[in-house]
Amino acid sequence: CSRVRRLEDKDKFTIRAPPNLIKLIDRFLETGATYLNLSEFARAALREKIQRDAPWLYEEMVRGT
16 CSRVRRLEDK
26 DKFTIRAPPN
36 LIKLIDRFLE
46 TGATYLNLSE
56 FARAALREKI
66 QRDAPWLYEE
76 MVRGT
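The following block contains the structure:
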């Protein structure tokens, strides 16, 4: 999509989420899950989603191409 800009190394972006989803994520993070904070959780979730839905793109990222 031409409207999507490429993010630079460690750029940040913002999302909007409904309150019930935010509460669910907060509760999940409070369980002492693997993730230290929301940013770490979000990065992992995005990587997993791309790896599942577009594995060829994920492989390109891993290879650095």
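Each residue of the sequence shown is one higher than the last, beginning at 16 in our numbering.
Each residue gets a CB set at the ideal place from its N, CA and C atoms; glycine is no exception.
Any idea what DSSP makes of residue i, helix, strand or coil?
i, result
"asparagine 35", "helix"
"leucine 51", "coil"
"isoleucine 40", "helix"
"phenylalanine 28", "coil"
"alanine 60", "helix"
"cysteine 16", "For cysteine 16, the predicted model reports a pLDDT of 49, less than 50, meaning its position is unreliable; a value from the coordinates is still stated below. Coil."
Near residue i, which residues of its chain fall below 7 Å by C-beta distance, leaving aside the five closest residues on each side in sequence?
i, result
"isoleucine 65", "Leu72 and Tyr73"
"alanine 59", "Tyr50"
Below 8 Å CB to CB, which residues in the same chain sit around residue i once its five sequence neighbours on both sides are set aside?
i, result
"leucine 44", "Tyr50, Asn52, Leu53 and Phe56"
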